[in-house]
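Notes for the one structure printed next.
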Amino acid sequence: MSGVTVGGTGRRFGSNATLFFRRWLANPLQMGSVVPSSPALCRRIAALVERSPGEAVLELGAGTGVVSRALLDSGVPPERLLVVEIVPDMASHLRQVLPGVDVLCGDAFDLGRVLPKRWHGRIGTAICGIPLVLLPTEQQKRFVNAVDAVAPGRGFLLYTYCVTSPLPYRRLGLAARREAWTPWNLPPASVWRYRQNDAGVHS
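Quick note: the sequence shown uses full-length UniProt numbering, first residue 1, plus one each step.
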């Protein structure tokens, strides 16, 4: 697979399987799969975004940008899409294929520092492509706290290949709901929404 086209733009922004696979080889714990997400999964994620006109969408662990492109195709303005990517060469790739998007090279577990202050409290939806299920609970909690620091009360979407919740949400003080399942993704994937227990989402 040399590339993926999402939406009607006809632009090949490169699932770039070679780049994706090289990153997976370098650090499998940063990647949830050895192949990019399917167009069907990307569209499902984009359809679940909640955002008012003045808010931004925050994507964490964007890979080669397939979900990012689906977000743009769904109507998220480039200037309202913020992408955090920890690997410098992947961040450079994303800047090339996502013109107008603010790509930040930094740690998604330290969003209070990485994200510009002007966006704190103005994140409508945070989307996570990091395989949190592979991390110890204390690291998962650190991630939850990082998102809440910049998007208090908003929680986040997590796409995963787990059928059940990939996070021990009760231990993390979260409520959870599976919002989507895409059997045509390889492997089949789910999209879960997590929020603080007092945010009104029921498990």
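For each residue, glycine too, the CB sits at the ideal point set by N, CA and C.
For Val101, same chain residues with a beta-carbon under 7 Å away, outside a window of 5 residues either side, are Ser68, Pro78, Leu81, Val83 in chain order.
Here Ala62 carries a coil assignment [DSSP, helix/strand/coil]. Taking 8 Å as the cut-off, the Cβ atoms of Trp184 and Ala40 count as close.
For the segment 112–139, there is no continuous alpha helix (DSSP H) assignment of 4+ residues that stays within its boundaries. With contacts defined by Cβ atoms closer than 8 Å, Val191 and Leu135 do not form a contacting pair. Between Ala151 and Ala126, the beta carbon gap of about 5 Å places them in contact (Cβ cut-off 8 Å).
In the DSSP secondary-structure assignment, Ala175 is bridged to Arg195. Between Ala189 and Tyr169, the gap from beta carbon to beta carbon reaches 8 Å or more.
The beta carbons of Gly129 and Ala62 sit closer together than 8 Å.
Excluding residues up to 5 positions away in sequence, Gly124 lie with their Cβ nearer than 7 Å to the Cβ of Ser52 in the same chain. Residue state for Leu98 is assigned as coil, using DSSP reduced to three classes. Counting along the chain, Leu81 sits inside no alpha helix (DSSP H); it lies in the beta strand (DSSP E) bounded by residues 81–85.
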